[in-house]
Structure formats: C-alpha cells, structure tokens
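**Q**
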Amino acid sequence: MTATLKRVLLGEQGLLVIFVLAFAVVSLTVPNFLSERNILGLLQSVVTIGIVACTMMFCLASRDFDLSVGSIVAFAGMVAVMVSNSTGSIPLGLLAALLAGTLVGLVNGVVIAKLHINALITTLATMQIVRGLALLASDGRAVGINDPTFYSLALSRFLGIPTPVWIMAALFVVFAFVLNRTVFGRNTLAIGGNPEASRLAGVDVDWSRIWIFALQGLVCAVAGILLASRITSGQPNAATGLELSVISACVLGGVSLAGGRASMSGVIVGVMILGIAENVMNLLNIQAFYQYLVRGSILLLAVLLDNLRTRALVRR
Amino acid sequence: MAFLEFSDISKTYPGVKALSSVSFGVRKGSVHGLMGENGAGKSTLIRLLSGDQRADEGEIRIDGNTQAYASTRDAFDAGVVVVHQELQLVPELSVAENLRLGRFPARGGVVGFRALFEEVGRVLKEIGIDVDPRARVSSLSIGERQMIEIAKAVMIDARVLALDEPTSSLSSRESEVLFRLIDRLRQAGKVIIYVSHRLDEIFRLCDGCTVLRDGRLAAHHETMEVVTRDRLVSEMVGREIADIWGWRPRESGAVRLSVQGLHGPRVPEPASFEARAGEILGFFGLVGAGRSELMRLVYGADQPNGGSVALDGAPLALGSPRRSIRAGLVLCPEDRKADGIVQGRSVGENVVIASRRHYSPLGVINPRREASVADRFIEALRIRTPSRRQDIVNLSGGNQQKVILARWLSEPGINVLIVDEPTRGIDVGAKAEIYDILYRLAEQGVAIVVVSSELPEVMGISDRILVMCERRIAAEFKRGEFTEGVLLAAALPDRQTPQTAAQRA
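Chains as they are written, first to last, in my numbering: chain A, 163 to 478; chain B, 2 to 506.
1) Output yes or no for whether 8 Å exceeds the beta carbon distance between L282(B) and L467(B).
2) List the residues of chain A whose Cβ lies closer than 8 Å to the Cβ of R323(B), in chain order.
3) Pull up the DSSP beta-bridge partners for F483(B), would you.
4) Verify whether the separation of the beta carbon atoms of F334(A) and I438(A) is less than 8 Å.
5) Check the Cβ of V420(B) against every Cβ in chain A and list those closer than 7 Å, keeping chain order.
6) Taking the beta strand (DSSP E) that N447(A) belongs to, which residues open and close that run?
7) What are the start and end residues of the alpha helix (DSSP H) that includes A443(B)?
8) Just list the residues that DSSP pairs V459(B) with in beta bridges.
9) Where does F375(A) fall in DSSP's three states?
10) CA-CA distance, K12(B) and G349(B)?
11) Please report whether the beta-carbon of G216(B) lies at a distance below 8 Å from any beta-carbon of chain A.
12) Which residues in the same chain as V210(A) place their Cβ atom closer than 6 Å to its Cβ, once the five residues preceding and following it in sequence are excluded?
13) Provide the residue(s) that pair with K18(B) in DSSP beta bridges, ordered along the chain.
14) Quick one: is F237(A) buried, meaning 16 or more other Cβ sit within 10 Å of its Cβ, or exposed?
15) Can you pull the chain A neighbours of I342(B), defined as C-beta to C-beta under 9 Å?
16) Is there contact here, the region 174-184 of chain B with the region 91-107 of chain B, by at least three beta-carbon pairs under 8 Å?
17) For the candidate residues S397(B), V420(B) and S463(B), whose alpha-carbon lies nearest to that of G481(B)?
18) Under three-state DSSP, which class holds N349(A)?
19) Going along chain B, which residues have a C-beta under 7 Å from V345(A)?
20) Against chain B, which members of the region 421-433 of chain A pass a CB distance test of less than 9 Å?
21) Kindly confirm or deny that the region 227-234 of chain A and the region 281-289 of chain A touch, where touching means at least three C-beta pairs closer than 8 Å.
22) By Cβ distance, which residues of its chain are closer than 6 Å to K153(B), with the 5 residues on each side in sequence left out?
23) Beta-carbon separation of Q68(B) and R62(B) under 8 Å?
24) Smallest Cα separation from R199(B): which of S388(B), L233(B), L218(B) and E226(B)?
25) Would you call Q402(B) buried or exposed, if buried means 16 or more other Cβ atoms sit within 10 Å of its Cβ?
26) In this structure, does DSSP put S169(B) in helix, strand or coil?
27) To which residues of the same chain is V124(B) closer than 8 Å at the C-beta, ignoring the five residues directly before and after it?
28) Using a C-beta to C-beta distance shorter than 9 Å, which residues of chain A count as neighbours of I326(B)?
29) Counting only runs of 4+ residues fully inside the region 222-253 of chain A, write out the alpha helix (DSSP H) ranges in chain order.
30) Sort G239(B), D208(B), K29(B) and R230(B) by Cα distance to A219(B) and report the nearest one.
31) I'd like to confirm the pairing. Which residues does DSSP put opposite P316(B) in its beta bridges?
32) Would you kindly report the start and end of the unbroken alpha helix (DSSP H) that includes M330(A)?
33) A339(B) versus chain A: which residues are under 9 Å apart at the beta carbon?
34) Using a Cβ cut-off of 7 Å, pull out every chain A residue sitting near R408(B), in sequence order please.
35) What would DSSP say about C207(B), mapped onto helix, strand or coil?
36) Check whether chain A comes within 8 Å of I128(B), counting only Cβ atoms and requiring the distance to be less than that.
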C-alpha cells in the first residue's frame, strides 16, 4: 500500500495526482468554488503569472534566472498606455510595448551570454533600471487609458471565456511545442544539462541564451499589456514581486533550478496550484496576509517532493 | 584468515541483478585487485562496502564482525574508506585543514594552526608524502591530491581502503609515487582493495585479485604467481581475446586535415601536422604535454591566436565547434563528464543533439526519425542501456563513450574524427569494440586522430605517431619504427629545468 502510494506520488505524474486530489477536495468542500464565475475569475487571476511562467521555464531550464520580469511587465504596460494615449493609435501602443519588452530582454541576453555576467546579477540590475524607467516615465503616477477600446481587450470574451485566458492558453500550447518539438527547445534543455558539452556538440549556446531572454521580454510585454488593460491604466508599481511568484510556480511544476529539466504541463499545474490556493483563501475569507504563509509552505513542500523524487530516480 | 570478508552478497536494482551471491575474503596487510568489465559489479560492490547502499542479501565482515552499517558515516566509523575517482577535497583550504576537516584541533573554537600543521606534517612524513601541510590544495597536482585523499584515510586510522581507479588521471611518474605509498600501507597492515582496468598495475601491486563478470564471481586468485595477463583478460570477458588491438593494414589517401602553425593560449609554439584519409594518427605524450590543448584549438573549442586549419584543402573558420562540425571535423573530448555528455538528458538526445538539424526543417524536430537514429546506433555500437530514454548519467563510462561516438557517427559526411583518450576508464571488452569502430571509420576514408596517454594503445592502433613534449610536436614515427623505448624517450624532456618541473606539477 505505502509502496504503491510512494510510486504514484514520486512518479512522473506525482504533482498532477496531487493537483487532481486537491482540486477534488476543494471542489467538494469549498462553497462556490466550482461556480463558472469563480473558475473564470480564478483563471483570470493567474493570467500574468501563467504567461510569464512560459518563458521563465526556458530561462530556468537553461540554468539561467530572470528577476526583471515584474519590472518589464510594469514598464511594458506603461509604454502601451502612454504611446496609445499620445498617438491615439492602440496598435501603435501595443507594438511599442512589445518592442520595449523585447529590447530589455535582448539587453539581458546579450549581457549574460556575450559579456558573461551572471544572470542573477544582470537581471537584478535591469529589474531596478527598468522599474526606474517606468517610474520616471510618469513621474511615479498611474496613467489612465484614454481610449476605452484598450481596456475592452481584457473585458472581451470569446465563447464566454475572457480573451486574456485564451491568450494564456495559446501561449501554453505554443511554448509546449517549442520546448518539446523544436531544436531550440531541446537545445535549451541540453544547455541546462551541460553547457560546455552542448557547445562542443555544436549547439550555439550564446545565441540560444540571447533568444531565451529576448522571448522572455516579449512575453512579459504581452502580460504587461493585458494587465494594464485589466486595471485600465499603466501602473509603474504593477507586478512587484512577480518574479518570485513565477519562479515559485515553475519550481512547483518540477522545473529544476539546476537546469535541464522542465515540462509545460508541470508549469501549468504549478501556476494553477498557486492560483487555487489564493482563490480558496479568498472564498473562505481568510486574511490576505496568511496567503504569504500558505504560498511559502506550498513551495517548500513542492521542493521537498521534488527532492524525494530525484533521489528515487537516482536509486534506480 | 581473511580480515575483510564478503559473504554471499547479492544486490538487485530494478531490472538488473548487479551482484549475485559474491563471496571472497582478503587478508590483512595485502593489496587485492578488483577487476571486471564495466557493469560487472565492481562499483556496486564498492558502494556496498562504503555504506552508500545496502546489500539485499549477504553480509560484509571485518575482522570477524558483521558490519551492519547503513550510511557512509557508519562505514567511516568502522574504518572503511573509499577513495573515489572524483576527489573530495576543498581546494581553497590548506592540505592540513583538509586532512582534519571537521576535527580541527581547537581550544574554545579557535583553531590551533601550529598544532594542526605539526600533526599533519608528521603524518605525511610518516607515510612518505612530500607535500607541505600549509600548501593550498588548489596548488597541488592531481597526483598529489590523490595522495592527500589517501592520507585522509590514514589519518582516521582506516583499516580497509578501497581505491577506485586511482591512476586514471595520473602520469606514470605520479603513479609510481602512489604505488610506493600503497606498498607502505600494505606493510602497515591495511587491507587495500584496488580497482583498476590496467593489468600492469594489478601485477605490479596486488597480492591477489578477484574478477567479477556480470555480477558473479568469475575468478578469485589468492596469489598472482600463476596468473597471466591473458588469463585475467579472458576471465574478465568470458572469452579469449587474442589481440585486443586488432590492427589491420589499410591504404591511406589524400591529406584530409592540414594544420599549419596553429598556436593559442596553452600551445605557445606554432604546431603543424597533417592527417590523411584512412589514416589513424596517434598523439602520444606525457600528461601536460599539450596534446588535448592542441586538439581543442583544431576543433575550435578554444580560440587560437594564430595559424590555420584546412579540411580537404578548404580553410576552416577557427574557434567555433559548430562550424567545425558543419565542415566535417569532430572531436570526442578527453573529459567525458565535463565536455562530452549532457547530463539529465536521455541517451537518445545525446546521440542526435548535433545531427538532428539535418531532418528538422524550420527547427521543428522529428521524434520518430530521432528515435530510429538513436536505436540504430544503440544497436550498431552495442551500447548497453535499457532504452534510448535512459538518462545518460546511468550508463557506464564505456557506454557513455560509445554514445559520444554515436553522436558523430550519426553525422553524415564526417571527414576528420579526433578522439581524445578514447578508452580512459573503459574495460577491455568495450575497448576492443571502440577500436573496431575507429578502424571501420578509417576504412571508409575518415582521417582519425587519436590522443592517448597509454603507450600500448597508441602503439597498438596507430599507423603513425606524433609525440608531443612540453607543448610542441617533438617527433614523428611510422608504424614499424616505433617501440616503447623511442616513444618514451621522445616524450621525456631533455633536461629537467625548474620551469618544466613547475609545468608538470
């Protein structure tokens, strides 16, 4: 009995099993959890984390780290709103935001890959620089959206489901494909497994790393646009601490911080576990401060589980 | 009466019976060789002895007492120390600190350095290791570090020492110093289990030896008196291997690889050489002679300062492994673990990592094609793995080496293959298989450059040998011209200047 339990929990799909169990328990015990309204709200609440987690997964899988995501999200949101307001064209604003995000990511990537500066330090620096730019742009104030079409972006629905959730789902599919079925994705995992051996096997390690960070910037900009649209303004202080939530979600989903191991399904589960925990506590009217305790505890438990699983694998 | 006894030891891993009822004993004050092909069960046995894992059945007895230890710590306390290939020293600390790590002589938390250095100095002197206890470990040669690791065992008064391939990264001179240390430990009454693939070392050192094959005891020799080399080899592989080199004559064609005046950070003097189609060109030299460094420049793993490389007459862009591969020049690196295998990835991925680009239009991979390529090479090279999905770190050294070879064989149109230490840490049976792969490639017109520190190997498989000494190419010999004597003479520096001594250290 315990042996079977162990095998199920420590197996490939252990996290998924736990997730399904937790979901079942929560559905049965927490009133209103399964209502359509609540589930849609839940999905909408994880859009930012979910979108950014897609590329953070690549970052971690290649043994890198990106702390600047929260700042890029806020900065891109500001750019989108301010450029839209001043030019009167929303497409132009969105394009500017996407470019700005990609540019920051590109800078991260070039500094890390070509100048060989540690990713933690580099992105710690850009995190502050970009946050500073966002604050400077509006003198620290929130900038309201002039054209209501912009915030209908987040409010619009397709088949009854909010557009941002569709976008998140689409990105999940795209990045699952990129990770598993493209040379770029496989090389990312190989770099995480052993960068030097990958280089000697002909993998263009520098180029891959630059791309990973540039993609991360682009995807953060997407998240930033959607966030600005949802809160109907560009907020220079938006998404503070996002980097930690996103990394938590990835680690929860079995992405190894030592690189070389990642799966999209795991990351999705990780994102959902964090979202459900928060949602359930809201439904149960638990004071928001407790959420920090719960999130931290979940993360610790997940890492413990992962540790046990790795050891079980090594024994084999 | 045996001091260390293995009695009916069995150990099963999921899917593999690693050891089945292995029993033998080792006398006090003797060096006992443990031999066998990769996967024969040596590592498992050592792991059980070190307390890292527990046997499913059977017991280990030391001095008549059954050992029931459950961790390496327990084994340590029982006086059993295993010195692994990967050394466990802290490079930033001094020799003395390393030797007393966790047990510093201290008063009120303050380390008594004088006492520490004195004590360690005395012990080192006693066992004949000529190293300053104040020296930082990072300043020592690999050979010296190996001795320090053994000294660590002596410091805790170990009764049983297991040495796992201790000479695999040592020069012959360093090895000799190590052997003298082992001789001294034998006289001091220790039991030493000596794991090695090198037969000459077994004959030089061991009082007796045990051969494992497929997890079973294949032979146990109390003394080495009547044992011959050939007998040991056949016991290890379970069949007769007449000539493990199996060299066969072959035609060599036009020049494929031409290196002119290549020099770089660790190869100061410009080096030039050529390799022809169908030729196996050996590179011999002492450890530190600059062979691997030169090969890394040729391949583009390191950026050269000057010189040129041409493949079939066409100049090669230097400093990029990617471009070298695309031009048909590939390298199997010396350090498999650091530069060869991609840990955490499957055997299959490790095979196709470079060649998949040929059938991945727009960067989208073709899993079915990858699987068939991987399976084909796993079969063709007889790579022993449960499946292509197995994580490569779980394979033995020989099989990992074959995966790296498969990586390049799956690349269509390679012209030049450089293999650095093709069989380091690999057993006899797999060695013969790897040589055979090299011969077949040569017969297909590939130019092959083999770097090796093992004289018999270089002599056994090369058509021509270049000898490097002190970072330059010192001599050239054709097959028929070379003997152990002339090769060694060319590899040894003329005079022992202080500078060369420092370089080797």
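Virtual Cβ for every residue (Gly too), placed ideally from N, Cα, C. Fair warning: this is a prediction, and the values are worked out from it, not measured in the lab.
**A** According to the data block:
1) yes
2) G364, V365 and D366
3) According to DSSP, which records beta bridges pairwise, F483(B) is partnered with nothing at all.
4) no
5) Residues of chain A passing the Cβ test: none, with the nearest at roughly 13 Å.
6) Note, N447(A): premise wrong, no beta strand (DSSP E); not H, not E.
7) V429 to E444
8) In the DSSP output, where bridge partners are listed per residue, V459(B) has none listed.
9) helix
10) 28 Å
11) no
12) According to the sequence shown, residue 210(A) is Thr rather than Val. The residues are A385 and L389.
13) T13(B)
14) buried
15) G355, N356 and A359
16) no
17) S463(B)
18) helix
19) R357, R358, S361, G364 and I366
20) G421, G422 and R423
21) yes
22) L100
23) yes
24) L233(B)
25) buried
26) coil
27) L100, A152, V155 and M156
28) A363 and G364
29) 231-249
30) G239(B)
31) A311(B)
32) T325 to R343
33) N356, E358 and A359
34) A363
35) coil
36) no
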